[in-house]
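Structure first, then comments.
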Amino acid sequence: MISIRQFSFLFSSSISHHIPVYKSVETEIVSVNLPSLTMRHIALLILLFFTVIISSCLAQVPVPLVDFQVAQPPPVPQGAQKCTIQLFQRAFGNSFGDPEVVEYTPPTSCGTPGSWAAVTLNFTVTSNGTQFDRLGIFTFQNVESNLMDFSVPVWRTSTPEPSAAGIIWTYVKDVTRFIPLFADSGRLILQLDNLLETGLNGIYSTTLEATFYASSASIPAALKSNLILPISAASDATNASADASVSPALSVELTLPTNAIGAYAELYASGNAQEEFWYTNVPNQFLDELPSGFAFGDGPFREVRLLIDGKVAGTAFPYPVVFTGGILPTAWRPITSYGALDLPTYVLDVTPFLPLLTDGKGHNFTLDVVSSEADGAINQNWFVSGLLQVVTAPTNSPTTGNMTVYMADNFPVSSSSASVRQNGDEIITVNASRKIHIESDVCSNNVCTKVVFDQSLEYSNVQSYLDDFNIENVLQISSGTVSSTHNGVVVLKDDFSFPFAVNITTINSTTFTTTFDHSYNRDLLPAPFILGSTIQERQIAGKWHEQVAAVLVTDSFSFLTGGFFTERSTGNTGNGTSNNTFSYKDTAGNTYSRTVAASLNVITLDRSSGSLAGEKMQPESPQAALQVKFAGARLPGGRTIGV
Numbered sequence: 057m058i059s060i061r062q063f064s065f066l067f068s069s070s071i072s073h074h075i076p077v078y079k080s081v082e083t084e085i086v087s088v089n090l091p092s093l094t095m096r097h098i099a100l101l102i103l104l105f106f107t108v109i110i111s112s113c114l115a116q117v118p119v120p121l122v123d124f125q126v127a128q129p130p131p132v133p134q135g136a137q138k139c140t141i142q143l144f145q146r147a148f149g150n151s152f153g154d155p156e157v158v159e160y161t162p163p164t165s166c167g168t169p170g171s172w173a174a175v176t177l178n179f180t181v182t183s184n185g186t187q188f189d190r191l192g193i194f195t196f197q198n199v200e201s202n203l204m205d206f207s208v209p210v211w212r213t214s215t216p217e218p219s220a221a222g223i224i225w226t227y228v229k230d231v232t233r234f235i236p237l238f239a240d241s242g243r244l245i246l247q248l249d250n251l252l253e254t255g256l257n258g259i260y261s262t263t264l265e266a267t268f269y270a271s272s273a274s275i276p277a278a279l280k281s282n283l284i285l286p287i288s289a290a291s292d293a294t295n296a297s298a299d300a301s302v303s304p305a306l307s308v309e310l311t312l313p314t315n316a317i318g319a320y321a322e323l324y325a326s327g328n329a330q331e332e333f334w335y336t337n338v339p340n341q342f343l344d345e346l347p348s349g350f351a352f353g354d355g356p357f358r359e360v361r362l363l364i365d366g367k368v369a370g371t372a373f374p375y376p377v378v379f380t381g382g383i384l385p386t387a388w389r390p391i392t393s394y395g396a397l398d399l400p401t402y403v404l405d406v407t408p409f410l411p412l413l414t415d416g417k418g419h420n421f422t423l424d425v426v427s428s429e430a431d432g433a434i435n436q437n438w439f440v441s442g443l444l445q446v447v448t449a450p451t452n453s454p455t456t457g458n459m460t461v462y463m464a465d466n467f468p469v470s471s472s473s474a475s476v477r478q479n480g481d482e483i484i485t486v487n488a489s490r491k492i493h494i495e496s497d498v499c500s501n502n503v504c505t506k507v508v509f510d511q512s513l514e515y516s517n518v519q520s521y522l523d524d525f526n527i528e529n530v531l532q533i534s535s536g537t538v539s540s541t542h543n544g545v546v547v548l549k550d551d552f553s554f555p556f557a558v559n560i561t562t563i564n565s566t567t568f569t570t571t572f573d574h575s576y577n578r579d580l581l582p583a584p585f586i587l588g589s590t591i592q593e594r595q596i597a598g599k600w601h602e603q604v605a606a607v608l609v610t611d612s613f614s615f616l617t618g619g620f621f622t623e624r625s626t627g628n629t630g631n632g633t634s635n636n637t638f639s640y641k642d643t644a645g646n647t648y649s650r651t652v653a654a655s656l657n658v659i660t661l662d663r664s665s666g667s668l669a670g671e672k673m674q675p676e677s678p679q680a681a682l683q684v685k686f687a688g689a690r691l692p693g694g695r696t697i698g699v
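192 is the number that the numbering used here gives to position 136 of the sequence shown; each next residue is one higher, with no gaps.
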């Protein structure tokens with residue numbers, strides 16, 4: 057295994073469950089009366105002298121920075137028997153096209169496979185040096201399925217950018233909803249494409265463990281679907297990604313069980329390259345009004361669509377995840393932006409289509425991403441994939457019925473406008489909306505269920521270019537309601553609001569400052585067999601300006617934040633701060649809240665509470681931000697600053 061700087065504690069058994077707390081060594085020197093010294097006293101003084109020397113030396117040893125994303129701990133059952141297995145250890149150096157592929161066999165020490173109450177994945181990673189953030193894609197491939205060439209996505213993550221002193225992070229992912237996959241043998245795959253070259257020497261050393269929680273008389277087994285089907289690209293051991301690069305669209309032919317009575321889609325989508333900062337892209341009709349090379353075109357609006365046999369089945373307005381190398385890398389240490397370690401997914405109920413899909417034939421499932429441009433075009437590229445959780449009837453009686461109402465346009469309604477002030481400042485506004493209404497009668501064993509699926513989504517993006525384009529402000533909000541009822545009973549709900557604001561101010565030819573204020577507010581029930589949750593998260597990071605605050609927020613943190621980035625040929629430097637408030641509750645009654653702030657890589661405030669709050673995590677680091685060198689900042693439009 058390729059390895060870089062090793063720390064003896066990195067892969068200890070305890071790191072899977074606790075983030076280490078680093079404490080300084082304190083030494084006190086007292087005066088003594090030298091004439092009264094005995095040999096014993098002299099020996100003690102010598103020991104004390106060397107203790108001070110060793111402590112001083114240890115104080116100079118760089119301590120790795122503990123990175124983390126603010127999120128709730130998995131709501132696993134307390135008191136349950138649990139069994140943990142290590143799935144792999146792997147150092148990802150030059151790993152393009154070289155995924156980690158694990159031949160997985162379900163454990164039996166915590167009960168019959170598939171009878172578990174919960175399952176989690178524990179991913180611990182270390183790295184030091186200089187490296188860009190990298191996308192990580194976990195997928196599961198069922199080798200006994202007739203779709204064995206396709207993998208089901210189970211987790212999309214990314215890596216924080218390392219430093220010379222090293223970083224470490226652990227994320228525990230709840231994968232209980234994928235128990236139908238983990239109950240059978242298969243291949244668990246991690247694609248983490250990393251590149252080593254001049255100036256980029258960071259290797260990501262990883263450990264993945266799975267923990268299975270046994271059910272019992274007092275702890276029920278988790279509810280689950282009967283079958284999970286992939287909506288993904290074909291894969292193999294050398295190119296194992298389930299993700300497809302769009303455009304063009306990803307299309308897969310799936311054959312559903314003839315007795316399917318419920319089907320719930322989960323979509324994965326994230327922008328990359330020219331689409332990483334899609335919310336800063338400019339409508340094509342106004343692109344020539346900006347300096348050449350300042351922004352990408354095709355506008356800032358993006359919609360992820362699922363089509364079944366060419367008909368729009370549902371869509372998502374995605375949350376703008378900022379990766380740790382995005383715009384201001386110093387803002388995301390040690391607290392990453394929300395979603396960077398666990399990218400959000402989007403849920404749809406496609407049960408209304410079952411009367412058209414349970415004929416035993418193959419049907420086309422298509423994923424794509426469209427803009428508000430006339431042709432819906434986007435730049436390169438988005439990575440998309442998905443899955444279908446299928447519920448079958450207890451008998452083999454074929455499902456029948458009819459789709460009685462279908463109201464869904466191919467594209468959303470949108471508008472774009474621009475205004476130029478006398479001083480040359482330019483304001484660009486893009487609005488979009490989407491409404492979908494589908495009704496069906498889904499019948500099984502001569503009993504029919506009335507299924508009603510609704511979507512009502514809204515989007516607004518305002519881009520301001522001020523001070524001869526030295527100041528760029530983007531104010532965006534997407535919000536909406538997704539709901540589905542079966543005979544009037546809510547089986548899927550997604551009420552969301554994603555406000556997002558970013559300010560980028562150029563100070564000179566080498567330095568810029570940035571402010572972020574973004575929130576993730578979501579009341580989500582993905583399916584009747586998956587735990588529902590309500591999350592409210594807000595993060596303010598970078599450099600905060602009062603005049604921006606007055607426009608963007610209705611309340612403010614107790615102190616201002618500050619951050620900048622400087623690029624030079626001798627090395628990139630900067631600093632940043634982050635303030636986070638997070639709350640979680642779920643339909644099982646679990647609660648968790650956390651308020652945490654960081655400045656110059658050091659946690660300055662950390663309070664947590666709720667039924668899921670365990671041992672307090674207090675990451676620390678002696679690093680000063682100005683002493684840390686970073687990979688180059690990625691800016692909107694592919695533009696650069698400095699030399």
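Where is the CB? At the ideal position from N, CA and C, for every residue including glycine.
Helix, strand or coil for residue i? Go by DSSP, reduced to three states.
i: S301; result: strand
i: L256; result: strand
i: Y394; result: coil
i: R650; result: strand
i: G327; result: strand
i: F124; result: strand
i: L312; result: coil
i: P468; result: coil
i: L251; result: coil
i: L423; result: strand
i: N628; result: strand
Quick one, which of the options has its alpha-carbon nearest residue i's?
i: V158; options: E217, A220, A266 and T569; result: A266
i: D123; options: F179, G135 and Q134; result: F179
i: G135; options: N328, R361, T195 and S274; result: S274
i: Y576; options: F568, I560, D550 and N559; result: D550
i: G327; options: L310, T660, V360 and G457; result: V360
i: V126; options: G627, R594 and T629; result: R594
i: G167; options: Y269, A430 and L522; result: Y269
i: R477; options: D523, P454, G432 and R690; result: D523
Quick one: residues in its chain with C-beta nearer than 6 Å to the C-beta of residue i, no 5 flanking neighbours on either side, listed in chain order?
i: G694; result: none
i: T537; result: S512 and D551
i: P555; result: I533 and S575
i: V734; result: The structure shown has nothing for residue 734, since the chain only spans 57 to 699.
i: A711; result: Residue coverage of the chain in this structure runs from 57 to 699, which leaves residue 711 outside it and unanswerable.
i: S553; result: S535 and N577
i: H542; result: T505 and V507
i: N487; result: S471 and S516
i: N435; result: Q330, E331, F352 and D354
Within the continuous beta strand (DSSP E) that includes residue i, where are the two ends?
i: P286; result: L283 to I287
i: I492; result: E482 to S500
i: I533; result: I527 to H542
i: Y462; result: T456 to A464
i: I659; result: V658 to S665
i: E514; result: V503 to L522
i: W438; result: W438 to T448
i: Y640; result: T633 to D642
i: S589; result: S589 to G598
i: N577; result: T567 to L581
i: Y227; result: I223 to D230
i: V558; result: V545 to T562
i: S214; result: V208 to S214
Taking 8 Å as the limit between beta carbons, can you name the residues of its chain near residue i, skipping five residues before and five after?
i: M459; result: P408, F409, P411, L412, I494, E495 and S496
i: V546; result: S539, S540 and L581
i: A300; result: S288, A289, L306, L423, F439, V440 and S441
i: A319; result: L312, D405, V406, T407, F409, L410, L413, L444, Q445, V446 and V447
i: N184; result: I60, R61, P120, P218, S219, A220, A221, G222, I223 and G258
i: G366; result: N420 and T422
i: A681; result: Confidence at A681 is low in this model, with a pLDDT of 40, below 50, so its placement is unreliable and no value can be given for it.
What is the residue span of the alpha helix (DSSP H) that residue i lies within?
i: L237; result: I235 to F238
Excluding the 5 residues preceding and the 5 following residue i in the sequence, name in chain order all residues of the same chain whose CB lies nearer than 7 Å to its CB.
i: P400; result: Y375
i: A239; result: P162, P169 and G170
Could you name each continuous beta strand (DSSP E) segment of 3 residues or more that falls completely within the segment 134–206, going from the start of the chain to the end?
-> 138–148, 156–160, 174–183 and 191–197
Residue ranges of each beta strand (DSSP E) within the segment 355–421, 3 or longer | Scanning the segment 355–421 for uninterrupted beta strand (DSSP E) segments of 3 residues or longer gives 359–364, 367–372 and 402–405, listed from N- to C-terminal end.
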